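Input: a single structure, listed below in structure tokens.
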Amino acid sequence: MYVLFGENVIHNDEMKEIIESKTDFKVIKDMTKGTKREDVHAFCLSVKISILNEIIEEEYDDFNLSEMEEDDIFDEYLSLAEEMALDMEEFIPEEAIIDAKAYKWDQSDKDIKIIVIIGNDQLEERKLRDIMKRLLTQAE
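For the sequence shown, my numbering assigns the number 27 to the initial residue and increments by one for each residue that follows.
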């Protein structure tokens with residue numbers, strides 16, 4: 027499906043390619059059709075725990091994962107994954123808005139699952155949140 031961002035028209039396959047080539051995320055599923063809208067792209071992404079650990083070690087000198095409770099580690103992974111997803115704003119069209127929600131630590135795949143919605147900037151933030159709620163119920 028094509029979405030208009032200002033004067034740019036981007037197909038969801040192009041957006042998927044941008045995400046996978048310019049970020050550490052892997053697109054697991056294109057959820058665009060599940061939004062039931064024509065002005066957004068939506069994807070279920072994953073990011074490897076090893077990548078998150080590297081970032082944590084680089085950015086936080088006094089951060090020791092081995093001393094943390096599993097719940098605290100989980101929260102840190104989700105926060106970092108969401109922050110990384112929102113940083114995709116650098117690669118998407120200027121006329122786009124983005125929302126991201128990490129929702130699962132898949133210990134068998136050793137990754138964090140996250141849903142990202144990229145919409146036309148004409149879209150209200152409230153609508154974006156409603157779409158996110160709907161997609162979270164569809165996720166796995």
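The C-beta atom is built at its ideal place from N, Cα and C for all residues, glycine as well. Just so it is clear, the structure is predicted and the values come from calculations on it, not from any experiment.
| query | result |
| --- | --- |
| Take Ile-36 as the anchor and find which of Glu-120, Leu-154, Ile-140 has the nearest alpha-carbon. | Glu-120 |
| Measuring alpha carbon to alpha carbon, tell me which of Glu-115, Lys-130, Met-114, Ser-76 ends up nearest Asp-97. | Lys-130 |
| Quick one: what's Ser-134 bridged to in DSSP? | DSSP lists no partner for Ser-134. |
| Looking at the secondary structure, which residues open and close the beta strand (DSSP E) in which Leu-71 lies? | 66-74 |
| Can you give the Cα-Cα distance for Arg-155 and Met-41, rounded to whole angstroms? | 20 Å |
| Hey, out of Leu-149, Ile-157, Ile-99, whose CA is closest to Val-126's CA? | For the sequence presented, residue 126 should be read as Ala rather than Val. Nearest C-alpha to Ala-126: Ile-157. |
| I'd like the ranges of any alpha helix (DSSP H) spanning at least 4 consecutive residues and lying wholly in the stretch 83-123. | 96-112 |
| Could you round the C-beta distance between Asn-34 and His-67 to whole angstroms and report it? I think they count as a contact, below 8 Å. | Asn-34 to His-67, Cβ: 12 Å. No contact. |
| Please name the residue in Ser-72, Ser-92, Val-142 whose C-alpha comes closest to that of Asp-50. | Ser-72 |
| Secondary structure at Lys-55, three-state DSSP: helix, strand or coil? | strand |
| Is Arg-152 buried or exposed, if buried means 16 or more other CB atoms sit within 10 Å of its CB? | exposed |
| Taking just the CA atoms, how far does Phe-31 sit from Asp-147? | 7 Å |
| Which one of Phe-69, Val-142, Lys-52 has the shortest CA to CA distance from Glu-108? | Val-142 |
| Rounded C-beta distance between Ile-75 and Lys-139? I'm assuming under 8 Å. | Actually they do not touch by this definition, with Cβ atoms about 11 Å apart. |
| Do Leu-104 and Ile-82 have their C-beta atoms within less than 8 Å of each other? | no |
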